[in-house]
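Report on the following structure.
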Amino acid sequence: ARRVQRFLSQPFFVAEQYTGLEGALVPIEDTIKGFKMILNGEVDQYPESAFNLCGTIEDVIKKGEEENAKQREEKDKEEPEKPS
Numbered sequence: 048a049r050r051v052q053r054f055l056s057q058p059f060f061v062a063e064q065y066t067g068l069e070g071a072l073v074p075i076e077d078t079i080k081g082f083k084m085i086l087n088g089e090v091d092q093y094p095e096s097a098f099n100l101c102g103t104i105e106d107v108i109k110k111g112e113e114e115n116a117k118q119r120e121e122k123d124k125e126e127p128e129k130p131s
């Protein structure tokens, strides 16, 4: 439910001055496609934060992949190398 809520917080033009993000017009078909993908669990591998203030589900996927890669890099830095 939180993913849906965040996904529906698309970057609105009226909020540009508050968010610092450029507004986006998203066709209803794209919004419905993304909504269905969320409900079907097709994007469960991405963190909830990736869904916030994105226009299309493709934007969410791109942002989610970037966040996942960043988390992996941070995790790799924290784990000491094992001797061979």
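Numbering (the working numbering), first residue to last: 48 to 131. For each residue, glycine too, the CB sits at the ideal point set by N, CA and C.
If you check the CB distance, I108 and A97 come in under 9 Å.
The beta-carbon separation of P94 and G111, rounded to 7 Å, stays under the 8 Å limit for a contact. C-alpha of E76 to C-alpha of Q92: approximately 23 Å in a straight line. Taken through DSSP and simplified to helix, strand or coil, L86 comes out as helix.
By the C-beta density criterion, G102 is buried, having at least 16 other C-beta atoms within 10 angstroms. Short of 6 Å from the beta carbon of E121, and not among the five residues preceding or following it, lies no beta carbon of its own chain.
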